[in-house]
Structure formats: C-alpha cells, structure tokens
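Everything on this sheet refers to the single structure shown next.
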Amino acid sequence: MPVLVYAENAEGKFKKSTFEAISYARAIANQNNTTLTAISIGNADAAELAGLGKYGAEKVLNVSNDKLKNFVNQAYAAVVAEAAKKEGAEIVVLSNSFSGRGLAPRIGVKLEAGVADGAVSLPDQSNGKFIIKRLAFSGKAYALVELTSTNKVISLSPNSYKVVETGSTAVVEDFNPEVKASDLTTIIKEIVRSTDKVSLPDADIVVSGGRGLKGPENWGMIEELAGLLGAALACSKPVSDSGWRPHSEHVGQTGIAVSPNLYIAIGISGAIQHLAGVSSSKVIVVINKDADAPFFKVADYGIVGDAFDIVPKLIGAIKEY
Ligand code: FAD
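Here's what the structure looks like:
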C-alpha cells in the first residue's frame, strides 16, 4: 500500500511547502516499508514533475485537465481520492496550506478516513497505533490525535518538517479521472495577482509591524527590511483595521496563521490573539520599546528599544554584511 502525497503547485511550479509534504510522506512510507506516489493537478511541466523524485516520490500521477486549471475544492478532493483508490493508498498526505485546509476534510469524507490537520511530527506507530502531534487552539497548544480508521489523511503544518533530498527522478504517469459537473459548481475564472511580493502563508521569514509604528508613512523601513531578508510582510489587526496595511497581511487568531522559520515583530505588544497566529514560528525576534511587553515572554531574541532607531540600524548592518 503506497503512501499518496498531493503535490500542490502554483502556476506549474512546486512550492517549498510541497517539498516538505513529500519529504514527510517519504518518511511515513519508510516507516511502513512502502513506496510513495505523488499526485499533481495542473500544468507543471515534465521536468518539474519528474523532479519530485528528488524528495522521495517514486511515481507522479499527472492530472492535466482544462476543467481543473484553477483550484476547486470539491473537484480536486475527488481527484485525489480517486488517485488514492487507484493506488490502493491508505495514507494521504498534503500540506496544511490554504488549499490543503479545504482539501483534507473533503478527501477524508470521500475515503471515510480519519483526518489529522496541522501535523507537526511523524506519526508514532508503536504498539499498532497511529498517533500524530498536531497544532491545536490556533497554534497555542499541541494535541496528540490517534487515527483509528484504515484510511488516514494528514495535512502537514508548513515549516514543521525539513525538506530532505534523496536525489532520484520520479516516473511520471498521466492520470485522467472523470471530473463530475457536480464537483464544479464554483469555478475560478481568472486569478489576478495583486502583488509580486513573497506570499505570507509560505514565507520562510516574516517581518511584521504593529501600532507602535505610528502610521502607514513609516512602513518604508519595514518594507526595506523585508526586501533585504526576502521576507513577507505582516501586521497586527489594528494596523489593518486602521487601513495602514491591507487585510491580507493581518496575522493572528482572526487573520492568517503563519509558522515561518523567523518572525520579526516590530512595535507589536503580543496580545494573545496576535500570538495565536504566530506562536508556532521557529524563531521569534521582538523589537519593542516597552521591556514589559508580553511579546518578550515568547521571544527567542528581544531588543528593547525604539523601532525608529533599531530598524534603520538593522538595515544598515544587513547591507554591510
Ligand atoms: P498595541 O497593543 O497598541 O501595541 C503597540 C506596541 O508597540 C506596544 O507594545 C508598544 O510598547 C510598542 N511601541 C510603541 N512605540 C514603539 C516604538 N517607537 N518602537 C518600538 N515599539 C513601540 N490582534 C491581532 O494582531 N491579530 C488578530 O488576529 C486579532 N484578533 C482579535 C480577535 C478578537 C476577538 C479581539 C478582541 C482582538 C483581536 N486582536 C487581534 C487585537 C489584539 O487584542 C490587540 O489589540 C492587537 O494585537 C494589538 O496590536 P498592536 O500590538 O499592534 O498594538
């Protein structure tokens, strides 16, 4: 019984979170002494598809169908479930990305599978059990969940498993399951990119600003710092509520949840609702002029000082480096 991994791509290019999911699925396949098949939907070219072998997939099922040009939850879930049935896969892995969050439960229903979303570790399969550690309560806690069903769906939290290259090439096979009209009731006709900047949910590094920055006119230095680090921009809720920054940058309980390798919080107090969306970041750096700001309690590194003094110094140091 191979493991199946959904290899998400953006405009034909696979993302880092996909390589993490494949590496993670490979490790699960190794645990079970079986093979790994990936499924790609969209227009990735032959080299991109075969390249998934580098992360441990022996075979890639390539679904190329005009009806599936843009992401549709129902239809994509049906195709992945069909692929699992065709391969006889009992374990389906995908990234807990924006699409993955919509797909995992739908695939779970179609396969009558238990679902563990937001997984942060490999399953513990000792004593015949299948126990997964996953994020809970918006990342404020972990839960250990046992999947007792035969079929299992696991979505991996981005940045929680490292990409491992095994160096081989995958065999690519066309897969064309029927796409039912009933799975295509909502169709994205066109996606218009609003920005070329680094996408926040997938970012390795996030530079985030809060109300301590006083106003939108002061975001130049934040953008410059993010640009130098190749980071995505984020902000606290009041910042986007005030219209200083777009709502798409708002992180936290009511915004986007991120788990980058590095989260730099500038002029943000660290309210519990903000921490809910960022506390699973690997390394947190806080810059705040108030030494008692709650954010320092969860920071790996803290700088007590005025952002208008510290950030330009950081920019200067990075430029010199
Ligand atoms: P403030 O709390 O005003 O903090 C500003 C910080 O900047 C202070 O710590 C201050 O010391 C520091 N500062 C000031 N000047 C400087 C300077 N010159 N240099 C350095 N530091 C400076 N918030 C979110 O962010 N995300 C959410 O998803 C979210 N969801 C919410 C949901 C609910 C139901 C509720 C009730 C609230 C929610 N909030 C959310 C709001 C949250 O409670 C806080 O009000 C908010 O996070 C505070 O934003 P802030 O830290 O930018 O501003």
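Note that the numbering used here numbers the sequence shown so that position 23 is 23, with each residue one more than the last.
Glycine included, every Cβ here is placed at the ideal spot set by N, Cα and C.
Looking at the DSSP output, G114 sits in a beta bridge with K152.
Annotated as proximal: A75 and K180, with beta-carbon spacing under 9 Å. Membership of I22 in the alpha helix (DSSP H) is indicated by the continuous run 16-31.
The C-beta distance from A116 to M1 rounds to 18 Å, too long to meet the 8 Å contact threshold. Going by DSSP, Y301 is part of no alpha helix (DSSP H) but of the beta strand (DSSP E) stretching over 301-304. Residue pairing by DSSP places T37 opposite L4, K59 in a beta bridge. Relative to ligand 1, the beta carbon of I188 is positioned no closer than 8 Å to any heavy atom.
Under the Cβ criterion (8 Å, minimum of three pairs), the region 149-168 counts as touching the region 114-133. When the beta-carbon positions are compared, A307 and K282 stay at least 9 Å from each other. Distance from the C-beta of L36 to the nearest heavy atom of ligand 1 is not below 8 Å. Rounded to the nearest angstrom, the gap between the Cα atoms of G267 and G305 is 10 Å. The shortest CA-to-CA distance from K54 to any of N43, L68, V63, A38 is the one to A38. Rounded to whole angstroms, the Cβ separation of C235 and G212 is 11 Å, and the two are not in contact under 8 Å. If you draw a straight line from the Cα of Y263 to the Cα of V239, it is about 17 Å long. About 30 Å separates the Cβ atoms of A170 and I205, ruling out a contact at the 8 Å cut-off. The beta carbon of V172 sits closer than 7 Å to those of A46, L49, A50, V60, N62, all from its chain and outside the five residues before and after it, given in chain order. Shown here for G277: same chain residues with a beta carbon closer than 8 Å to its own, the five before and five after excluded, namely S138, G139, V251, G252, Q253, G255, I256, A257, V258 in chain order. One Cα belongs to G220, the other to I131, and the distance between them is close to 46 Å. Using a Cβ distance threshold of 9 Å, A29 and V3 count as a contacting pair. With fewer than 16 other beta carbons inside 10 angstroms of its own, K129 counts as exposed. Placement of the Cβ of R211 at a distance of less than 8 Å from at least one heavy atom of ligand 1 is found.
Between I284 and A271, the C-beta gap is not smaller than 9 Å, which leaves the two residues out of contact.
By the beta-carbon neighbour count (other beta carbons within 10 angstroms, threshold 16), Y301 is exposed. Remark: the shortest separation between the CB of A293 and any heavy atom of ligand 1 falls under 8 Å.
Sequence-distant partners of T35 (beyond 5 residues in either direction) whose C-beta falls short of 7 Å from its own C-beta, in its chain, are P2, A29, E58. The three-state secondary structure of D290, taken from DSSP, is coil. In terms of CA proximity to S168, L52 leads the group E20, G12, L52. Going by C-alpha positions, T148 is about 15 Å away from V109.
The C-beta of V192 has fewer than 16 other C-beta atoms within 10 Å across all chains shown, which makes the residue exposed. Within the same chain, and ignoring the five residues on either side of F295 in sequence, the residues whose Cβ sits closer than 7 Å to its Cβ are A265, I268, S269, G270, V286, N288.
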